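Engineer: Here you go, one structure.
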Ligand code: NAD
Ligand code: GLY
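Residue numbers (the numbering used here): 72 to 421.
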């Protein structure tokens with residue numbers, strides 16, 4: 072097992088290893104005052120890992136209730152959130168009780184937002200079961216639900232008390248969902264770590280899961296320590312996402328998040344090379360690693376359509392959008408770009 076300690080407004084450990092799920096009960100009990108635990112999960116994950124999680128908590132002498140909602144992004148909404156708050160209140164969880172978020176980013180974001188707001192905040196443990204959740208959403212304290220006007224529009228920065236990442240849970244992921252998470256893993260290599268990038272380029276989908284998840288979490292730990300509230304350096308984690316969100320929206324969410332991020336990364340990298348921000352060697356290496364993971368490099372939408380979507384990006388600040396552009400593998404520039412220049416930049420990368 073590997074441990075990464077995250078320093079933030081609430082500091083906590085991220086435990087990463089094989090077969091950790093049955094230890095959840097002892098970790099919860101060790102938190103001291105916890106008597107009752109609400110496991111929050113969804114209909115795909117609960118049948119796979121619900122029983123092991125619940126039994127471990129019961130064996131540790133804790134009382135357990137569970138809130139299971141239909142799997143998928145469509146559930147990450149106000150209705151599910153309010154049902155969860157009501158469920159917590161009906162079951163009389165107190166401020167010293169605990170929420171366990173068992174699932175991917177959808178469960179983690181929703182349960183985390185409920186934990187942040189129920190009784191003005193109760194402790195929660197993230198148990199990520201997707202690659203994306205393991206390397207990104209379970210660490211760093213961003214919690215949110217979607218509103219009809221857009222994704223993640225209501226939320227809070229609220230750090231978990233512990234992240235327990237059992238690498239074995241990734242074994243049951245459908246291949247396309249695992250591959251989607253790989254786009255986020257590759258992101259860390261391009262942003263911060265040439266050695267991680269080289270490992271991914273060499274091994275492709277057969278990368279060392281425990282070592283790579285740990286490295287990504289260490290890199291995220293450093294970003295969160297520097298900029299917990301996302302006003303500066305943390306923006307780099309948006310690599311490929313501004314254009315990627317445009318691609319997702321244009322496809323009416325038919326194109327998955329990971330594929331859209333891969334296309335977005337390819338577009339900003341090609342544009343970066345065309346504008347002389349990175350060299351052809353960097354461009355070719357980024358395209359090669361994405362291709363090695365079977366991720367798409369091109370989309371069929373026009374620069375104009377993607378530009379219109381980029382304008383509604385929530386990372387927009389006044390008349391500029393912060394584009395994240397690779398300079399070389401291991402370093403990306405935050406480029407505040409006037410909105411009128413976005414379309415031609417995207418055009419150069421299509
Ligand atoms: P998800 O939670 O919907 O999981 C993807 C799919 O995998 C679902 O169908 C789920 O049921 C299934 N699944 C999960 N674990 C499984 C397992 N072990 N075996 C088999 N199937 C399993 O989606 P995701 O990709 O994990 O997360 C996406 C969400 O994360 C989005 O809502 C996004 O906004 C959010 N997000 C948040 C942050 C953050 O910092 N908070 C960062 C990135 C993304
Ligand atoms: N996933 C982006 C962030 O945590 O900032």
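A virtual CB, placed ideally from N, CA and C, is assigned to each residue, including glycine. Nothing here was measured: the structure is a model prediction, and the numbers come from that model.
Which residues end up in the neighbourhood of the ligand GLY when you take C-beta atoms closer than 6 Å to any of its heavy atoms?
Structural biologist: Residues with a Cβ closer than 6 Å to any heavy atom of the ligand GLY, in chain order: 207, 211, 213, 301, 305 and 308.
Engineer: With a threshold of 6 Å on Cβ separation, who are the neighbours of residue 81 within its own chain once the five nearest residues in sequence on each side are excluded?
Structural biologist: Once the five neighbours on either side are set aside, the close Cβ partners of residue 81 are 230.
Engineer: Among the candidates 121, 123, 112 and 195, whose CA atom is the shortest distance from the CA of residue 85?
Structural biologist: Here the closest residue by C-alpha is 195.
Engineer: May I ask you to report which of helix, strand or coil DSSP gives residue 184?
Structural biologist: Looking at residue 184 - three-state DSSP - the assignment turns out to be helix.
Engineer: Just to confirm before moving on: does the CB-CB distance between residue 332 and residue 254 stay below 7 Å?
Structural biologist: Cβ atoms of residue 332 and residue 254: closer than 7 Å.
Engineer: Look at the Cβ atom of residue 376, then the Cβ atom of residue 394, and state whether they are nearer than 7 Å.
Structural biologist: No. Outside cutoff.
Engineer: Would you mind listing the alpha helix (DSSP H) stretches within the segment 75-142 that are 4+ residues and don't spill past its ends, in chain order?
Structural biologist: Correct list: 95-100 and 117-130.
Engineer: Secondary structure at residue 230, three-state DSSP: helix, strand or coil?
Structural biologist: Coil at residue 230, not helix or strand.
Engineer: Check whether the segment 338-357 and the segment 396-411 touch, using three or more Cβ-Cβ pairs below 8 Å as the test.
Structural biologist: Taking 8 Å as the limit for Cβ pairs, the verdict is that the segment 396-411 does touch the segment 338-357.
Engineer: Take residue 123 and list the residues in its own chain whose beta-carbon comes closer than 7 Å to its own, dropping the five residues that flank it on each side.
Structural biologist: Excluding positions up to five away in sequence, the list reads 92 and 93.
Engineer: Near residue 96, what residues of its chain come up, given a Cβ to Cβ distance below 6 Å and the 5 sequence neighbours on each side ignored?
Structural biologist: Taken in chain order, the residues that qualify are 127, 128, 130 and 131.
Engineer: How big is the Cα-Cα spacing for residue 142 and residue 257?
Structural biologist: Taking the straight line joining both Cα atoms gives about 26 Å.
Engineer: Mark residue 113 as exposed unless 16 or more other C-beta atoms lie within 10 angstroms of its C-beta, in which case mark it buried.
Structural biologist: Result: buried.
Engineer: Please classify residue 242: is it buried, with 16 or more other beta-carbons within 10 angstroms of its beta-carbon, or exposed?
Structural biologist: Exposed, because fewer than 16 other Cβ atoms sit within 10 Å of the Cβ of residue 242.
Engineer: When you compare the CB positions of residue 261 and residue 357, do they come within less than 7 Å of one another, or not?
Structural biologist: Contact: yes.
Engineer: Let me check you understand the geometry: is the CB of residue 115 closer than 6 Å to at least one non-hydrogen atom of the ligand NAD?
Structural biologist: Yes, Cβ of residue 115 sits closer than 6 Å to a heavy atom of the ligand NAD.
Engineer: Under a three-way DSSP split, which group does residue 398 fall into?
Structural biologist: The answer is strand: DSSP assigns residue 398 an E or B state.
Engineer: Is it buried or exposed for residue 166, if we count other Cβ within 10 angstroms and need 16 for buried?
Structural biologist: Exposed: under 16 other Cβ atoms inside 10 Å.
Engineer: Indicate the three-state DSSP secondary structure (helix, strand or coil) for residue 147 in the structure shown.
Structural biologist: Residue 147 falls in the coil class under three-state DSSP.
Engineer: Cα separation between residue 361 and residue 318?
Structural biologist: Computed Cα separation, rounded: 17 Å.
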